[in-house]
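Step one of this worksheet: look at the structure below.
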Amino acid sequence: MSDCIFCKIVNKQIPSKIVYEDEKVVAFDDINPKAPIHILVIPKKHIPTIIDCGEEDYAIISHIYKIINKIAKEKGIAERGFRIVTNCNAEAGQTVFHIHFHIFGGRLMHWPPG
Ligand code: 5GP
Ligand code: ZN
Numbered sequence: 357m358s359d360c361i362f363c364k365i366v367n368k369q370i371p372s373k374i375v376y377e378d379e380k381v382v383a384f385d386d387i388n389p390k391a392p393i394h395i396l397v398i399p400k401k402h403i404p405t406i407i408d409c410g411e412e413d414y415a416i417i418s419h420i421y422k423i424i425n426k427i428a429k430e431k432g433i434a435e436r437g438f439r440i441v442t443n444c445n446a447e448a449g450q451t452v453f454h455i456h457f458h459i460f461g462g463r464l465m466h467w468p469p470g
């Protein structure tokens with residue numbers, strides 16, 4: 357989608373600090389980190405929210421979890437703990453409508469989330 361900021365990151369039209377990339381997904385540092393480690397994992401395909409996933413998209417979501425596993429190990433947060441967050445629509449505070457999985461780590465996470 358031409359006006360989507362994360363599609364622009366996928367297409368390298370705007371810079372980002374990419375930590376992982378393959379043919380299906382990109383992972384990059386969040387521009388405004390909320391934890392010492394704050395990485396966003398996104399599909400290259402433009403899917404606005406989890407609600408917009410079709411049957412053909414669930415393989416990508418599964419792949420994203422595999423990549424989260426890999427990144428968590430590489431960043432040294434797998435054993436100490438980390439959090440995965442996907443905000444969906446207004447009441448969750450979603451601001452970028454290209455589905456993304458936040459990885460938060462490197463500090464104690466509070467519960468329940470705000
Ligand atoms: P949401 O609120 O939609 O769950 O999360 C969107 C996230 O995208 C926010 O944490 C925000 O800091 C991040 N973000 C927004 N624009 C950019 C950008 O241009 N580059 C990067 N790296 N992150 C961005
Ligand atoms: Zn997009």
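Each number in our numbering corresponds to the 1-based position in the sequence shown with 356 added. For glycine and all other residues, C-beta sits at the position ideal for the given N, C-alpha and C. In this text the structure is predicted, and so the values were computed from the model without any measurement.
State buried or exposed for residue i, treating a residue as buried only when at least 16 other CB atoms are found within 10 Å of its CB.
| i | result |
| --- | --- |
| H466 | exposed |
| V441 | exposed |
| I407 | exposed |
| A428 | buried |
Looking at the structure shown, is residue i part of a helix, part of a strand, or coil, going by DSSP?
| i | result |
| --- | --- |
| I387 | coil |
| E411 | helix |
| E379 | coil |
| V441 | strand |
| H394 | strand |
| I417 | helix |
| I374 | strand |
| A434 | coil |
Taking the alpha carbon of residue i as the reference point, which residue from the options has its own alpha carbon closest?
| i | options | result |
| --- | --- | --- |
| T451 | E379, L464, N388, R436 | N388 |
| G470 | G462, R463, I459, N443 | N443 |
Locate the beta strand (DSSP E) running through residue i, then write down its first and last residues.
| i | result |
| --- | --- |
| F460 | 457-461 |
Tell me the residue span of the alpha helix (DSSP H) that contains residue i.
| i | result |
| --- | --- |
| K401 | Run containing K401: none; DSSP gives neither H nor E here. |
| V366 | 361-366 |
Cβ contact (3+ pairs, closer than 8 angstroms) linking the stretch 385-401 and the stretch 441-461: Counting Cβ pairs under 8 angstroms, three or more are found: they touch.
Segment contact, 8 angstroms Cβ cut-off, at least three pairs: the stretch 375-393 with the stretch 422-435: yes
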